[in-house]
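Under this note's numbering, read the sequence shown as residues 177 to 527, first letter to last. C-beta: ideal position from N, C-alpha, C; glycine also.
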Amino acid sequence: MRFAIITILFFLFANAAHSQHNYVVEVHKGTELLHIINYLAGVYSPAVQNSSYQKAVDEWFANFKDHPVVEVAKKLPYNDFVDLGWCIQFPDYSITLPEKYGYFDQIVDKNLLIDYMTLCAEFGRASDFMGFFANQKDNYSKWENQFLTKLQEEKSLQTLENFYQAPLGQKIYFSISPIGVVLRANIFQEAISPENKIYAPVIIPFDNRFIDNESKEPNFEYSQAAINNNVWHEVSHIYWEQLNAPYRNDILALKYSDSLSENFKTFESEAQNTYYYIHEIISDAVTIFLKKKYIGIEEAKEHLALNESYGSPLYRKVINLIENEYWDDREMTNFQEFIPRIITLIRDEGQ
């Protein structure tokens, strides 16, 4: 009896400690439902083919490849809309339509997105997606624990907290994605799903480029380089989106272009294109800087050289600005307070 009480207390304290973390590592039901639909629609192909999980998806959903949502999903330009899975509630598959869609409705017609979400919920109900999800529970737990263990070992988020010296205000939700392919952060969670605004989702795909030993089965035991690089970059998008809020009009007013920025033409608005281009510059500049400090100078040089080969001098200039004017004084002037100097740098470079 005493052993049982001690065991219960251990798990209570362990769960209490885990709940205090500023992150969650889980396979999200809504995200995974949309990943499966997009996979059936051929929106993308998994990075690793013929895993047992892919075969399980094929078998379970074999009779639903002609569902109307599959045809709607085929109209999507790329696999970048799975964050809308947060609008679907489980287990009843009810939908809360957003008033705003972040930038999604600037890429795809809003009515198409509404049809997509409505049909996704219908697909989930008809195919007993919740039954599939329950059937994969052991696998999901294993993959979640693989990533969680590496995240705790590397302390990637703690490194970011030390760098930015500013509270994030959201709990990072690492959304383990055994069949998805896109590593990305959702910077518009509050707009898309206000009831889940405490979370900032980051999609974590299975990709052999991110693990030390190639695997045919989903594996989220990310290597040191991959977990730090990917967490630093994607979570930096979330930091930047939140911290730049007081200066957003100034950022949107910036005029800047280089050889690389010409590839960032997603929106009709040039200001929007520049805004999201700067998002990428900042996220990777911070990543390269942290790589130099915590991984190795040569690794950082190699990363920077690759980025510069794509045609932008901004990476090096932002990194040097961080090194010379921010890093040593960050406890006195946090990153949000430092942003005006970045704006001035980009404005001067654009003239």
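With a threshold of 16 other CB atoms inside 10 Å of the CB of residue i, please say whether the residue is buried or exposed.
i      : result
Lys467 : buried
Lys431 : exposed
Tyr486 : exposed
Thr207 : buried
Glu330 : buried
Lys318 : exposed
Asn405 : buried
Ile380 : buried
Met293 : buried
Lys360 : Looking at the sequence provided, one finds Arg at residue 360 rather than Lys. Buried, because 16 or more other Cβ atoms sit within 10 Å of the Cβ of Arg360.
Gln365 : buried
Asn420 : buried
Asp259 : buried
Leu273 : exposed
Ile473 : exposed
At which residues does the beta strand (DSSP E) containing residue i begin and terminate?
i      : result
Lys347 : Lys347 to Ser353
Tyr398 : Per DSSP, Tyr398 belongs to no beta strand (DSSP E) and is neither H nor E.
Between the options, which has its C-alpha nearest residue i's C-alpha?
i      : options                           : result
Asn198 : Gly206, Arg523, Asp304 and Glu337 : Glu337
Asp262 : Pro244, Gly218 and Lys205         : Checking the sequence shown, residue 262 turns out to be Trp, not Asp. It is Lys205 whose Cα lies nearest to the Cα of Trp262.
Lys231 : Tyr215, Ile473, His243 and Val219 : Tyr215
Ser437 : Ile457, Gln328 and Ile515         : Ile457
Val246 : Ala297, Tyr279, Asp285 and Glu275 : Ala297
Leu428 : Asp434, Thr450 and Trp236         : Thr450
Ile368 : Ala401, Lys276 and Pro354         : Lys276
Ser332 : Thr463, Ala342, Phe308 and Gly300 : Thr463
Ala310 : Trp503, Trp236 and Ile473         : Trp236
Gln322 : Asn239, Met508, Val203 and Phe514 : Val203
Gly218 : Tyr229, Leu252 and Ala302         : Leu252
Glu525 : Ser270, Ala401, Ile454 and Met508 : Ile454
Asp434 : Ser488, Glu478 and Ala342         : Ser488
Tyr375 : Arg385, Lys347 and Glu474         : Lys347
Asn496 : Ile518, Asp314, Glu513 and Glu475 : Ile518
Glu507 : Phe386, Gly278, Phe339 and Asn425 : Phe339
Thr509 : Ile212, Ala342, Phe266 and Glu446 : Ala342
Can you tell me the Cβ-Cβ gap for residue i and residue j, rounded? I've got them flagged as a contact below 8 Å.
i      : j      : result
Val224 : Phe396 : Not confirmed; about 12 Å, so no contact.
Leu209 : Ile290 : Not confirmed; about 16 Å, so no contact.
Val494 : Glu320 : Incorrect: roughly 34 Å between the Cβ atoms, too far for contact.
Ile283 : Thr520 : No, Ile283 and Thr520 are not in contact; Cβ-Cβ is about 31 Å, not under 8 Å.
Asp460 : Asn439 : 14 Å between Cβ atoms; not a contact.
Leu295 : Pro244 : 5 Å
Pro377 : Ser351 : 5 Å
Tyr423 : Pro516 : 7 Å
Ser227 : Lys392 : 6 Å
Tyr470 : Leu480 : With a Cβ gap of about 15 Å, Tyr470 and Leu480 do not count as contacting.
Gln418 : Leu344 : 7 Å
Phe299 : Phe240 : 6 Å
On the three-state DSSP scale, how would you describe residue i?
i      : result
Glu160 : Examination of residue 160 is not possible in this model, given that the chain is present from 177 through 527 alone.
Ala376 : strand
Ala342 : coil
Glu330 : helix
Arg506 : coil
Ile471 : coil
Ala361 : strand
Pro381 : strand
Gly356 : coil
Arg178 : Note that Arg178 scores 38 on pLDDT, short of 50, meaning its location in the model is unreliable; the coordinates nonetheless yield the value given after this. Helix.
Ile283 : coil
List the endpoints of the continuous alpha helix (DSSP H) containing residue i.
i      : result
Pro516 : Phe511 to Gly526
Cys539 : Given a span of 177 to 527 for the chain in the structure shown, any question on residue 539 remains unanswerable.
Arg424 : Arg424 to Leu428
Lys231 : Ser228 to Trp236
Phe565 : Residue 565 is absent from the structure shown; the chain starts at 177 and stops at 527.
Tyr491 : Leu490 to Glu501
Ala217 : Ala217 -> no alpha helix (DSSP H), and no H or E assigned at all.
Pro244 : Pro244 to Ala249
CB of residue i to nearest heavy atom of the ligand ATP: below 8 Å?
i      : result
Asp304 : As presented, the structure is devoid of all ligands, the ligand ATP included, so that no description of it is given.
Taking 9 Å as the threshold (beta carbon to beta carbon), is residue i in contact with chain D?
i      : result
His204 : Structure shown: chain D not included; a single protein chain is present.
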